[in-house]
Amino acid sequence: MKNLLKRVLLAGCLLISFQSAYALEKTNRLGVGMTNQLKNDFPALSFKMQKSRSFAFGGMVGVSTSDTDGGYGAGIKLYRNIFDEPQLNFYFAGLGALIANKINGKTYSGFQFDLSLGSEFHFTGLNSLGFSFEFGVSANKKKDFVFETVGSNFVVAGIHFYL
936 MKNLLKRVLL AGCLLISFQS AYALEKTNRL GVGMTNQLKN DFPALSFKMQ
986 KSRSFAFGGM VGVSTSDTDG GYGAGIKLYR NIFDEPQLNF YFAGLGALIA
1036 NKINGKTYSG FQFDLSLGSE FHFTGLNSLG FSFEFGVSAN KKKDFVFETV
1086 GSNFVVAGIH FYL
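Count the sequence shown with our numbering and you get residues 936 to 1098, in order.
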């Protein structure tokens, strides 16, 4: 118990001693990276452009030329920031995409619409890298129409390098 109290006090002192951080200014900065949010499971190249402190837009494109399970996906995404913290922001997002891929040798095409809440965070010292996670709902159709909940960790939701 005494040892635990010492550790908690030491951790508290370390946290207090860190320099204050300020919210990152990303207005008019382009983020380039990757995402796995498309329902055809293709890793996609993505971009995100912060147009103002409250609005950003992005896009994604994923392609596979495999004869057995290839296809494509392309979409646009709109972001509305709702809350800023020093190293992260919280946002609403909407995604609209066209998707297609082969399932058992037959090509299916369709759409994907997602509405989500998410956050993008940065580590101190790595301000040019943004890691995102999101949760929400998705309506998509390839072979069948599906309405489902989604939850994407930062590897799936996206990693962007801001120029």
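Ideal Cβ placement from N, Cα and C applies to all residues, glycine included. Bear in mind that the values here come from a model prediction, so they are computed numbers and not experimental data.
Residue(s) in a DSSP beta bridge with residue i
i	result
GLN1022	In DSSP, GLN1022 forms no bridge with anything.
LEU965	MET984
GLY994	PHE982, ILE1011
VAL1081	ASN1075
PHE1066	PHE1056, ILE1094
SER999	GLY1006
PHE1089	Paired residue(s): none; PHE1089 is not in a bridge.
Residue from the options with nearest C-alpha to residue i
i	options	result
PRO978	GLY1005, GLU1020, ILE1038	GLY1005
GLY1040	VAL998, VAL1085, LYS986, THR1003	THR1003
GLU1069	MET984, ILE1038, GLY1008, PHE1025	PHE1025
ASN1036	LEU1061, LYS1078, GLU1055	LYS1078
GLY1045	GLN1022, LEU1023, TYR1007	TYR1007
VAL996	LYS986, GLN985, ILE1034	ILE1034
GLY994	GLY1093, VAL1081, LYS983	LYS983
PHE1056	GLN985, VAL998, GLN1022	GLN1022
PHE1080	TYR1043, PHE992, PHE1058, GLN985	TYR1043
GLU1083	ASN1062, PHE992, LEU1050	LEU1050
VAL998	LYS986, THR970, PHE990, ALA991	THR970
GLU1020	PHE1058, ASP976, VAL1091	PHE1058
Under 8 Å between C-beta atoms of residue i and residue j
i	j	result
HIS1105	GLY1010	Past the edges of the chain, shown from 936 to 1098, lies residue 1105, and the structure says nothing about it.
SER1067	PHE1089	yes
ASN1016	ARG988	yes
GLY1071	LEU1052	yes
LEU1030	PHE1018	no
GLN972	SER1087	yes
SER981	GLY1093	yes
Assigned secondary structure, residue i (DSSP; H/G/I helix, E/B strand, else coil)
i	result
PHE977	coil
ALA956	With a pLDDT of only 40 at ALA956, under 50, the local geometry of the prediction cannot be trusted, and the value read off the model is given with reservation. Correct three-state label for ALA956: coil.
Assumed close pair residue i, residue j - CB separation to whole angstroms, cut-off 8 Å
i	j	result
TYR1014	ALA1032	About 15 Å separates the two Cβ atoms, so there is no contact after all.
ASN1075	LYS974	5 Å
GLY1065	GLY966	6 Å
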